[in-house]
Amino acid sequence: AVGFFVEQAVGEKIRALVKTSPETLVSLKSELTSYKETFGTSMATPHVAGVAALVKAANKKLKPSEVKALLMKTATPMPPNEDNRYGSGLVNAEAAVEAALEIK
Numbered sequence: 001a002v003g004f005f006v007e008q009a010v011g012e013k014i015r016a017l018v019k020t021s022p023e024t025l026v027s028l029k030s031e032l033t034s035y036k037e038t039f040g041t042s043m044a045t046p047h048v049a050g051v052a053a054l055v056k057a058a059n060k061k062l063k064p065s066e067v068k069a070l071l072m073k074t075a076t077p078m079p080p081n082e083d084n085r086y087g088s089g090l091v092n093a094e095a096a097v098e099a100a101l102e103i104k
């Protein structure tokens, strides 16, 4: 699959950096005056990755498996959680970083 990387662009300038074709899987729309609510792993992943980076910065000795376990342990539960729909819950950056700092 063909991909692209945009380091930084603001507003409509991002359109100039994205080559569109019938195969383009990403649709961009400028909504400068409103917010859009969306959900799913595509939205959760960058947030959890950011918190994982904060945890790793707080304690560089942690292995990836330990960071994952710490994120899961410190997550805020999201009831009801039938069928594990929310995984371990809502990532809690403050609790995760505090826990990482306590590990020697």
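Just so we're aligned: 94 in UniProt numbering is position 94 of the sequence shown, and the numbers increase by one with no gaps anywhere.
Ideal Cβ placement from N, Cα and C applies to all residues, glycine included.
Would you list the residues sitting across from residue i in a DSSP beta bridge?
i: residue 76; result: 90
Given that a residue counts as buried once 16 or more other Cβ atoms are within 10 Å of its Cβ, and exposed if not, what is residue i?
i: residue 69; result: exposed
i: residue 71; result: buried
i: residue 106; result: There is simply no residue 106 to check, as the chain begins at 1 and stops at 104 in what is shown.
i: residue 100; result: buried
i: residue 57; result: exposed
Helix or strand or just coil, what does DSSP make of residue i?
i: residue 40; result: coil
i: residue 82; result: helix
i: residue 62; result: coil
i: residue 68; result: helix
i: residue 56; result: helix
Among the options, which one has its Cα closest to the Cα of residue i?
i: residue 77; options: 89, 44, 47 and 94; result: 89
i: residue 73; options: 104, 98, 46 and 44; result: 98
i: residue 48; options: 81, 87 and 101; result: 87
i: residue 102; options: 60, 40 and 45; result: 60
i: residue 104; options: 80, 41 and 66; result: 66
Do the CB positions of residue i and residue j come within less than 8 angstroms of each other?
i: residue 54; j: residue 93; result: yes
Is residue i near the ligand MN, in the sense that its beta carbon is under 7 angstroms from a heavy atom of that ligand?
i: residue 73; result: The model on display carries no ligand, and the ligand MN is accordingly not part of it.
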